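Using my numbering, the first residue of the sequence shown is number 32, and each one after it goes up by one.
Remarks on the structure that follows.
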Amino acid sequence: MTTQIELLQYFANCPINSTHSHHLKDHEFGDISLFKIISRTYVNWIMNDFLEDGEAARRKFLEKYRCNSYATWLVRAIEDIYSVGVPLSLESWDAYDEAIRQAYQSGEHHLDILKNQCGYARVILDKYDDPGSDNGHPDLFAPTLRCDAFFNGYDPALRSHDGVSAYDYIRFREKMSLTEYIAEMKGYIRQCVSSGGVIALKVGMAYERDLYFDNREKTRAVRAFLNPQATAEEVRAFQDYVMHKLLELAAELGLPVQIHTGLASLKGTNAMALCNLIEEYPSVRFDLFHGSFPWTDDILALAHNFNNVYVDLCWLPIISTTRAIAFIKEALEVTDAERILWGCDTWTSEESYGAVLAGRYCLARALGELVDEGRFDMAYAKRLGVNILYKNAKALFDL
32 MTTQIELLQY FANCPINSTH SHHLKDHEFG DISLFKIISR TYVNWIMNDF LEDGEAARRK
92 FLEKYRCNSY ATWLVRAIED IYSVGVPLSL ESWDAYDEAI RQAYQSGEHH LDILKNQCGY
152 ARVILDKYDD PGSDNGHPDL FAPTLRCDAF FNGYDPALRS HDGVSAYDYI RFREKMSLTE
212 YIAEMKGYIR QCVSSGGVIA LKVGMAYERD LYFDNREKTR AVRAFLNPQA TAEEVRAFQD
272 YVMHKLLELA AELGLPVQIH TGLASLKGTN AMALCNLIEE YPSVRFDLFH GSFPWTDDIL
332 ALAHNFNNVY VDLCWLPIIS TTRAIAFIKE ALEVTDAERI LWGCDTWTSE ESYGAVLAGR
392 YCLARALGEL VDEGRFDMAY AKRLGVNILY KNAKALFDL
(Lines of atoms letter the chains of each structure in order from A; the text may use other names.)
(Lines give C-alpha, C1' and ligand atoms only; values in the text may rest on other atoms or scores of the structure.)
Protein backbone atom coordinates (compact mmCIF):
# COMPACT_ATOMS: atom_id res chain seq x y z
CA MET A 32 0.00 0.00 0.00
CA THR A 33 1.42 3.39 -0.97
CA THR A 34 1.62 6.27 1.48
CA GLN A 35 -0.99 8.21 -0.48
CA ILE A 36 -3.49 5.35 -0.56
CA GLU A 37 -3.10 4.74 3.17
CA LEU A 38 -3.76 8.41 3.88
CA LEU A 39 -6.74 8.49 1.51
CA GLN A 40 -8.31 5.53 3.27
CA TYR A 41 -7.66 7.09 6.66
CA PHE A 42 -9.15 10.48 5.72
CA ALA A 43 -12.22 8.77 4.23
CA ASN A 44 -13.23 7.85 7.78
CA CYS A 45 -12.53 11.24 9.38
CA PRO A 46 -15.36 13.61 10.30
CA ILE A 47 -15.19 17.01 8.61
CA ASN A 48 -16.03 20.56 9.60
CA SER A 49 -16.50 22.57 6.42
CA THR A 50 -15.67 26.25 6.87
CA HIS A 51 -17.66 27.57 3.93
CA SER A 52 -20.81 26.61 2.05
CA HIS A 53 -23.70 28.24 0.19
CA HIS A 54 -25.89 25.13 0.39
CA LEU A 55 -29.35 25.58 -1.11
CA LYS A 56 -32.50 25.46 1.00
CA ASP A 57 -34.66 22.33 1.09
CA HIS A 58 -37.28 23.57 -1.39
CA GLU A 59 -34.60 24.42 -3.96
CA PHE A 60 -33.87 20.72 -4.42
CA GLY A 61 -37.30 20.05 -5.88
CA ASP A 62 -37.59 18.86 -9.49
CA ILE A 63 -33.85 18.18 -9.62
CA SER A 64 -32.01 16.65 -12.57
CA LEU A 65 -28.45 16.03 -13.71
CA PHE A 66 -28.62 19.13 -15.89
CA LYS A 67 -29.87 21.27 -12.98
CA ILE A 68 -27.14 19.96 -10.68
CA ILE A 69 -24.45 20.91 -13.18
CA SER A 70 -26.01 24.34 -13.78
CA ARG A 71 -25.84 25.08 -10.04
CA THR A 72 -22.12 24.38 -9.72
CA TYR A 73 -18.89 26.19 -10.57
CA VAL A 74 -18.87 24.33 -13.89
CA ASN A 75 -21.49 26.86 -14.98
CA TRP A 76 -18.99 29.68 -14.31
CA ILE A 77 -16.72 28.46 -17.09
CA MET A 78 -19.38 26.78 -19.23
CA ASN A 79 -21.65 29.78 -19.48
CA ASP A 80 -23.23 28.43 -22.66
CA PHE A 81 -24.73 25.44 -20.80
CA LEU A 82 -28.14 27.08 -20.95
CA GLU A 83 -30.51 24.21 -21.67
CA ASP A 84 -30.38 20.45 -21.63
CA GLY A 85 -29.84 18.55 -24.86
CA GLU A 86 -27.31 16.44 -26.71
CA ALA A 87 -25.22 19.42 -27.85
CA ALA A 88 -24.83 20.77 -24.30
CA ARG A 89 -24.12 17.31 -22.89
CA ARG A 90 -21.47 16.65 -25.52
CA LYS A 91 -19.83 20.01 -24.88
CA PHE A 92 -19.72 19.31 -21.14
CA LEU A 93 -18.21 15.85 -21.61
CA GLU A 94 -15.77 16.69 -24.40
CA LYS A 95 -14.76 20.32 -23.91
CA TYR A 96 -15.05 20.89 -20.17
CA ARG A 97 -14.45 17.45 -18.65
CA CYS A 98 -10.75 18.30 -18.12
CA ASN A 99 -11.60 21.28 -15.91
CA SER A 100 -11.15 20.65 -12.19
CA TYR A 101 -14.71 21.70 -11.38
CA ALA A 102 -16.07 19.13 -13.82
CA THR A 103 -13.56 16.42 -12.89
CA TRP A 104 -14.53 16.30 -9.24
CA LEU A 105 -18.24 16.83 -9.87
CA VAL A 106 -18.33 13.86 -12.25
CA ARG A 107 -16.43 11.69 -9.78
CA ALA A 108 -18.93 12.57 -7.08
CA ILE A 109 -21.95 11.87 -9.28
CA GLU A 110 -20.55 8.52 -10.40
CA ASP A 111 -19.82 7.57 -6.78
CA ILE A 112 -23.16 8.67 -5.32
CA TYR A 113 -25.48 7.23 -7.95
CA SER A 114 -23.60 4.03 -8.89
CA VAL A 115 -25.09 3.42 -12.32
CA GLY A 116 -22.22 1.01 -12.96
CA VAL A 117 -20.63 2.76 -15.92
CA PRO A 118 -18.87 6.13 -16.28
CA LEU A 119 -20.90 9.19 -17.16
CA SER A 120 -21.15 9.51 -20.94
CA LEU A 121 -23.63 10.52 -23.61
CA GLU A 122 -24.95 6.96 -23.56
CA SER A 123 -25.30 6.78 -19.76
CA TRP A 124 -26.49 10.36 -19.18
CA ASP A 125 -30.17 9.46 -19.02
CA ALA A 126 -29.49 6.60 -16.60
CA TYR A 127 -27.71 8.97 -14.21
CA ASP A 128 -30.46 11.53 -14.67
CA GLU A 129 -33.11 8.98 -13.71
CA ALA A 130 -31.09 7.79 -10.70
CA ILE A 131 -30.82 11.38 -9.49
CA ARG A 132 -34.54 12.04 -9.93
CA GLN A 133 -35.42 8.86 -8.05
CA ALA A 134 -33.04 9.65 -5.18
CA TYR A 135 -34.53 13.12 -4.76
CA GLN A 136 -37.98 11.65 -4.22
CA SER A 137 -36.77 11.72 -0.64
CA GLY A 138 -36.67 15.25 0.70
CA GLU A 139 -33.78 14.22 2.95
CA HIS A 140 -31.52 13.05 0.12
CA HIS A 141 -29.44 16.21 -0.14
CA LEU A 142 -28.85 16.17 3.62
CA ASP A 143 -28.06 12.45 3.63
CA ILE A 144 -25.22 13.08 1.17
CA LEU A 145 -23.78 15.81 3.39
CA LYS A 146 -23.97 13.74 6.55
CA ASN A 147 -23.21 10.23 5.34
CA GLN A 148 -21.06 10.55 2.23
CA CYS A 149 -19.33 13.85 2.86
CA GLY A 150 -19.02 13.00 6.54
CA TYR A 151 -19.75 16.49 7.80
CA ALA A 152 -20.04 17.14 11.51
CA ARG A 153 -20.82 20.84 10.95
CA VAL A 154 -20.95 23.12 7.92
CA ILE A 155 -20.48 26.88 8.20
CA LEU A 156 -23.19 28.36 6.01
CA ASP A 157 -22.89 31.63 4.12
CA LYS A 158 -26.38 32.37 2.80
CA TYR A 159 -25.51 35.61 1.08
CA ASP A 160 -29.13 36.05 -0.05
CA ASP A 161 -30.41 35.38 3.49
CA PRO A 162 -27.55 36.38 5.80
CA GLY A 163 -27.34 34.50 9.08
CA SER A 164 -29.62 31.63 8.01
CA ASP A 165 -29.02 28.04 9.09
CA ASN A 166 -31.41 26.71 6.41
CA GLY A 167 -33.64 25.35 9.16
CA HIS A 168 -31.06 22.71 10.15
CA PRO A 169 -29.09 24.15 13.10
CA ASP A 170 -27.74 20.71 13.97
CA LEU A 171 -25.75 20.70 10.71
CA PHE A 172 -25.37 24.30 9.57
CA ALA A 173 -23.69 27.01 11.64
CA PRO A 174 -24.29 30.46 10.11
CA THR A 175 -21.71 33.06 9.27
CA LEU A 176 -23.10 36.56 8.70
CA ARG A 177 -22.42 38.02 5.25
CA CYS A 178 -21.85 41.74 5.85
CA ASP A 179 -21.51 43.02 2.27
CA ALA A 180 -24.82 44.90 2.31
CA PHE A 181 -23.55 47.23 5.04
CA PHE A 182 -20.82 48.52 2.71
CA ASN A 183 -23.53 49.87 0.40
CA GLY A 184 -25.70 51.41 3.09
CA TYR A 185 -24.63 54.91 2.11
CA ASP A 186 -27.43 54.75 -0.50
CA PRO A 187 -30.78 53.19 0.55
CA ALA A 188 -31.54 52.35 -3.08
CA LEU A 189 -28.42 50.24 -3.50
CA ARG A 190 -28.17 46.49 -3.08
CA SER A 191 -25.07 44.33 -2.86
CA HIS A 192 -23.97 42.11 -5.72
CA ASP A 193 -26.14 39.44 -4.07
CA GLY A 194 -29.25 41.63 -4.15
CA VAL A 195 -29.31 42.47 -0.43
CA SER A 196 -29.71 45.90 1.18
CA ALA A 197 -28.54 46.93 4.63
CA TYR A 198 -32.03 48.27 5.18
CA ASP A 199 -33.53 44.83 4.83
CA TYR A 200 -32.16 44.30 8.34
CA ILE A 201 -31.79 47.67 10.02
CA ARG A 202 -34.29 50.51 10.31
CA PHE A 203 -33.88 53.37 7.84
CA ARG A 204 -34.59 56.94 8.89
CA GLU A 205 -34.38 59.86 6.47
CA LYS A 206 -32.28 62.00 8.79
CA MET A 207 -30.20 59.12 10.07
CA SER A 208 -26.59 60.00 10.93
CA LEU A 209 -23.57 57.85 10.15
CA THR A 210 -23.11 57.31 13.88
CA GLU A 211 -26.66 55.98 14.12
CA TYR A 212 -26.15 53.78 11.06
CA ILE A 213 -23.07 52.15 12.58
CA ALA A 214 -24.89 51.69 15.88
CA GLU A 215 -27.81 50.00 14.07
CA MET A 216 -25.38 47.77 12.16
CA LYS A 217 -23.58 46.72 15.31
CA GLY A 218 -26.86 46.16 17.14
CA TYR A 219 -28.13 43.90 14.39
CA ILE A 220 -24.92 41.87 14.40
CA ARG A 221 -25.01 41.52 18.18
CA GLN A 222 -28.57 40.22 17.96
CA CYS A 223 -27.59 37.69 15.28
CA VAL A 224 -24.79 36.42 17.49
CA SER A 225 -26.77 36.30 20.73
CA SER A 226 -30.01 34.82 19.41
CA GLY A 227 -29.31 33.63 15.87
CA GLY A 228 -26.31 31.41 16.41
CA VAL A 229 -23.98 33.39 14.13
CA ILE A 230 -20.39 32.26 14.72
CA ALA A 231 -18.40 34.48 12.33
CA LEU A 232 -18.56 37.51 10.07
CA LYS A 233 -18.06 37.17 6.32
CA VAL A 234 -16.86 39.82 3.87
CA GLY A 235 -17.15 39.08 0.17
CA MET A 236 -16.46 42.58 -1.13
CA ALA A 237 -13.80 41.28 -3.52
CA TYR A 238 -16.69 40.88 -5.95
CA GLU A 239 -17.32 44.64 -5.84
CA ARG A 240 -13.98 46.33 -5.15
CA ASP A 241 -10.37 45.80 -4.11
CA LEU A 242 -9.41 44.64 -0.62
CA TYR A 243 -7.32 47.60 0.49
CA PHE A 244 -9.39 49.21 3.25
CA ASP A 245 -7.17 52.07 4.29
CA ASN A 246 -9.18 55.11 5.27
CA ARG A 247 -10.88 55.06 8.66
CA GLU A 248 -11.62 58.78 8.94
CA LYS A 249 -15.23 59.44 9.82
CA THR A 250 -15.06 62.98 8.44
CA ARG A 251 -14.48 61.60 4.93
CA ALA A 252 -16.88 58.68 5.27
CA VAL A 253 -19.77 60.89 6.33
CA ARG A 254 -19.68 62.76 3.01
CA ALA A 255 -21.01 59.71 1.20
CA PHE A 256 -23.70 58.76 3.68
CA LEU A 257 -27.20 59.34 2.25
CA ASN A 258 -25.61 61.44 -0.47
CA PRO A 259 -26.77 60.47 -3.99
CA GLN A 260 -24.04 62.70 -5.47
CA ALA A 261 -21.20 61.11 -3.50
CA THR A 262 -17.96 60.76 -5.44
CA ALA A 263 -16.20 57.44 -5.91
CA GLU A 264 -13.55 58.54 -3.42
CA GLU A 265 -16.20 59.41 -0.83
CA VAL A 266 -17.95 56.06 -1.32
CA ARG A 267 -14.64 54.29 -0.90
CA ALA A 268 -13.99 56.21 2.33
CA PHE A 269 -17.42 55.13 3.61
CA GLN A 270 -16.73 51.47 2.81
CA ASP A 271 -13.29 51.63 4.41
CA TYR A 272 -14.84 53.12 7.54
CA VAL A 273 -17.47 50.36 7.70
CA MET A 274 -14.77 47.70 7.42
CA HIS A 275 -12.90 49.14 10.39
CA LYS A 276 -16.10 49.27 12.44
CA LEU A 277 -16.85 45.64 11.60
CA LEU A 278 -13.37 44.62 12.72
CA GLU A 279 -13.71 46.60 15.94
CA LEU A 280 -16.91 44.69 16.68
CA ALA A 281 -15.35 41.36 15.73
CA ALA A 282 -12.53 42.04 18.18
CA GLU A 283 -15.01 42.94 20.91
CA LEU A 284 -17.18 39.85 20.34
CA GLY A 285 -14.31 37.46 19.66
CA LEU A 286 -15.71 36.57 16.23
CA PRO A 287 -13.48 35.23 13.45
CA VAL A 288 -13.74 37.20 10.20
CA GLN A 289 -13.91 35.26 6.95
CA ILE A 290 -12.75 37.17 3.87
CA HIS A 291 -13.00 36.17 0.23
CA THR A 292 -9.62 36.64 -1.46
CA GLY A 293 -8.34 35.90 -4.95
CA LEU A 294 -10.74 35.14 -7.78
CA ALA A 295 -13.49 37.75 -8.08
CA SER A 296 -13.05 41.13 -9.74
CA LEU A 297 -9.29 40.33 -9.91
CA LYS A 298 -8.42 44.01 -9.39
CA GLY A 299 -6.65 44.30 -6.05
CA THR A 300 -8.33 41.20 -4.62
CA ASN A 301 -5.11 39.46 -3.62
CA ALA A 302 -4.78 38.80 0.10
CA MET A 303 -1.75 41.07 0.60
CA ALA A 304 -4.10 44.04 0.27
CA LEU A 305 -5.38 43.11 3.74
CA CYS A 306 -1.97 43.40 5.41
CA ASN A 307 -2.71 46.74 7.09
CA LEU A 308 -5.92 45.40 8.66
CA ILE A 309 -4.30 42.19 9.85
CA GLU A 310 -1.54 44.18 11.50
CA GLU A 311 -3.87 46.78 13.02
CA TYR A 312 -6.27 44.22 14.54
CA PRO A 313 -4.04 41.53 16.10
CA SER A 314 -6.86 40.14 18.25
CA VAL A 315 -9.08 39.49 15.23
CA ARG A 316 -8.66 36.04 13.69
CA PHE A 317 -8.70 36.40 9.91
CA ASP A 318 -9.90 33.31 8.03
CA LEU A 319 -8.63 34.05 4.52
CA PHE A 320 -10.43 32.11 1.82
CA HIS A 321 -9.42 30.29 -1.34
CA GLY A 322 -5.66 30.51 -0.89
CA SER A 323 -5.91 33.92 -2.57
CA PHE A 324 -5.69 32.01 -5.87
CA PRO A 325 -3.97 32.82 -8.17
CA TRP A 326 -1.85 34.86 -5.73
CA THR A 327 -1.26 31.96 -3.35
CA ASP A 328 2.07 33.33 -2.12
CA ASP A 329 0.22 36.26 -0.53
CA ILE A 330 -1.54 34.17 2.07
CA LEU A 331 1.59 32.15 2.77
CA ALA A 332 3.53 35.34 3.54
CA LEU A 333 0.74 36.76 5.71
CA ALA A 334 0.34 33.52 7.65
CA HIS A 335 4.10 33.37 8.18
CA ASN A 336 4.25 36.85 9.68
CA PHE A 337 0.92 37.07 11.52
CA ASN A 338 -0.39 34.46 13.93
CA ASN A 339 -3.94 35.81 13.56
CA VAL A 340 -4.08 34.66 9.90
CA TYR A 341 -5.71 31.32 9.11
CA VAL A 342 -5.13 29.64 5.75
CA ASP A 343 -8.44 28.41 4.37
CA LEU A 344 -8.28 25.89 1.53
CA CYS A 345 -11.97 26.24 0.70
CA TRP A 346 -12.65 26.10 -3.05
CA LEU A 347 -8.94 25.82 -3.96
CA PRO A 348 -8.76 22.02 -4.56
CA ILE A 349 -11.55 22.23 -7.14
CA ILE A 350 -10.19 25.41 -8.74
CA SER A 351 -6.79 23.86 -9.38
CA THR A 352 -5.99 20.51 -7.83
CA THR A 353 -2.34 20.79 -8.85
CA ARG A 354 -1.91 24.19 -7.21
CA ALA A 355 -3.71 23.03 -4.07
CA ILE A 356 -1.30 20.13 -3.52
CA ALA A 357 1.74 22.39 -3.71
CA PHE A 358 -0.01 25.05 -1.61
CA ILE A 359 -0.77 22.62 1.22
CA LYS A 360 2.89 21.60 1.41
CA GLU A 361 4.04 25.22 1.49
CA ALA A 362 1.37 26.23 4.01
CA LEU A 363 2.56 23.52 6.38
CA GLU A 364 6.13 24.72 5.95
CA VAL A 365 5.43 28.37 6.77
CA THR A 366 2.60 28.15 9.36
CA ASP A 367 1.79 25.43 11.88
CA ALA A 368 -0.50 22.47 12.47
CA GLU A 369 -3.42 24.53 13.76
CA ARG A 370 -3.99 27.35 11.24
CA ILE A 371 -4.95 25.50 8.06
CA LEU A 372 -8.63 24.79 7.36
CA TRP A 373 -10.79 23.28 4.64
CA GLY A 374 -14.25 24.09 3.27
CA CYS A 375 -16.36 22.95 0.34
CA ASP A 376 -17.73 26.30 -0.94
CA THR A 377 -20.60 24.74 -2.89
CA TRP A 378 -24.37 25.00 -3.43
CA THR A 379 -25.32 21.38 -4.09
CA SER A 380 -24.60 18.17 -2.21
CA GLU A 381 -23.06 16.52 -5.26
CA GLU A 382 -20.53 19.30 -5.77
CA SER A 383 -19.89 19.36 -2.03
CA TYR A 384 -19.01 15.67 -2.12
CA GLY A 385 -16.78 16.36 -5.13
CA ALA A 386 -15.03 19.04 -3.08
CA VAL A 387 -14.55 16.51 -0.26
CA LEU A 388 -13.01 14.01 -2.68
CA ALA A 389 -10.71 16.72 -4.03
CA GLY A 390 -9.76 17.89 -0.54
CA ARG A 391 -8.92 14.39 0.65
CA TYR A 392 -6.94 13.71 -2.52
CA CYS A 393 -4.90 16.91 -2.19
CA LEU A 394 -4.20 16.26 1.47
CA ALA A 395 -3.17 12.66 0.81
CA ARG A 396 -0.90 13.71 -2.06
CA ALA A 397 0.71 16.60 -0.19
CA LEU A 398 1.15 14.82 3.13
CA GLY A 399 2.16 11.59 1.42
CA GLU A 400 4.94 13.36 -0.44
CA LEU A 401 6.18 14.92 2.79
CA VAL A 402 6.20 11.53 4.50
CA ASP A 403 8.03 9.94 1.57
CA GLU A 404 10.58 12.76 1.70
CA GLY A 405 11.21 11.96 5.36
CA ARG A 406 9.88 15.25 6.70
CA PHE A 407 7.74 13.46 9.30
CA ASP A 408 6.17 10.07 9.90
CA MET A 409 2.78 8.65 8.91
CA ALA A 410 1.26 9.16 12.36
CA TYR A 411 1.99 12.88 12.25
CA ALA A 412 0.68 13.14 8.67
CA LYS A 413 -2.61 11.61 9.78
CA ARG A 414 -2.79 14.02 12.69
CA LEU A 415 -2.22 16.97 10.36
CA GLY A 416 -4.97 15.78 8.03
CA VAL A 417 -7.46 15.44 10.88
CA ASN A 418 -6.55 18.92 12.08
CA ILE A 419 -7.15 20.43 8.65
CA LEU A 420 -10.40 18.58 7.99
CA TYR A 421 -11.92 18.77 11.46
CA LYS A 422 -10.08 20.00 14.55
CA ASN A 423 -8.80 23.39 13.43
CA ALA A 424 -12.24 24.65 12.39
CA LYS A 425 -13.77 23.23 15.56
CA ALA A 426 -11.30 25.22 17.64
CA LEU A 427 -11.43 28.46 15.63
CA PHE A 428 -15.23 28.65 15.44
CA ASP A 429 -16.03 26.81 18.68
CA LEU A 430 -18.18 24.30 16.78
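Every residue, glycine too, gets a C-beta built ideally from N, C-alpha and C.
From a predicted model like this one, the values you see are computed outputs, not experimental measurements.
| Asked | Found |
| --- | --- |
| Give me the DSSP bridge partner(s) of Phe317. | Val288 and Val340 |
| Going by C-alpha distance, which of Lys56, Ala88, Gln136 and Asp57 is nearest Ser70? | Ala88 |
| Using DSSP with H/G/I as helix, E/B as strand and the rest coil, what is Asn418? | helix |
| In the DSSP output, what is Pro174 paired with across the bridge? | Leu156 |
| Whole alpha helix (DSSP H) runs in the region 231 to 310 with 4 or more residues, listed along the chain? | 249 to 252 and 263 to 284 |
| Give the straight-line distance between the Cα atoms of Gly235 and Thr300, rounded to the nearest whole angstrom. | 10 Å |
| With a threshold of 6 Å on Cβ separation, who are the neighbours of Val229 within its own chain once the five nearest residues in sequence on each side are excluded? | Gly163, Pro174, Leu176 and Cys223 |
| Take every Cβ of the region 389 to 406, pair it with every Cβ of the region 34 to 53, and state whether three or more of those distances are shorter than 8 Å. | yes |
| Is the beta carbon of Ile131 less than 8 Å from the beta carbon of Ile63? | yes |
| Can you tell me where the alpha helix (DSSP H) holding Thr103 begins and where it ends? | Ser100 to Tyr113 |
| Per the contact definition of three or more C-beta pairs closer than 8 Å, is the region 264 to 280 in contact with the region 211 to 219? | yes |
| Pull up the CB-CB distance for Val387 and Cys149, whole angstroms please, since I reckon it's below 8 Å. | 5 Å |
| Find the nearest neighbour of Arg254 within the set Arg204, Asn166 and Asp186, judged by alpha-carbon distance. | Asp186 |
| Should the region 285 to 298 be called in touch with the region 264 to 274, which here means at least 3 C-beta pairs below 8 Å? | no |
| What whole-angstrom Cβ distance do Ala302 and Leu347 have, given they're in contact under 8 Å? | Actually they do not touch by this definition, with Cβ atoms about 12 Å apart. |
| For Ala126 and Arg202, I'd like the C-alpha separation in whole angstroms. | 52 Å |
| Classify Ile36 as buried or exposed, calling it buried when 16 or more other Cβ atoms lie within 10 Å of its own Cβ. | exposed |
| Since Lys370 and Tyr341 should fall inside the 8 Å C-beta cutoff, what is the C-beta to C-beta distance between them, to a whole number of angstroms? | Looking at the sequence provided, one finds Arg at residue 370 rather than Lys. Contact holds; Cβ gap of about 5 Å. |
| CB Tyr272 to CB Asn307, shorter than 8 Å? | no |
| Out of Leu344, Gly374, Asp376 and Thr377, point me to the one whose CA is closest to Glu361's CA. | Leu344 |
| Which residue's Cα is closest to the Cα of Thr210: Ala304, Leu257, Tyr384 and Ala237? | Leu257 |
| Consult DSSP for Asn75 and reduce its assignment to one of helix, strand or coil. | helix |
| Note down the Cα distance separating Lys422 from Cys178, rounded to an integer number of angstroms. | 26 Å |
| Does DSSP classify Ile63 as helix, strand or coil? | coil |
| Looking at the C-beta of Asp343, does it have a partner C-beta in chain C at a distance below 8 Å? | Looking for chain C here will not work: only one protein chain is present. |
| Can you tell me whether DSSP reads Ser164 as helix, strand or coil? | coil |
| Considering only the alpha carbon of each residue, which of Ser323, Thr377, Asn147 and Leu38 lies closest to Tyr159? | Thr377 |
| Counting only runs of 3+ residues fully inside the region 114 to 149, write out the beta strand (DSSP E) ranges in chain order. | none |
| Within the continuous alpha helix (DSSP H) that includes Ser380, where are the two ends? | Ser380 to Asp403 |
| Per DSSP, what kind of secondary structure is Thr377 in: helix, strand or coil? | coil |
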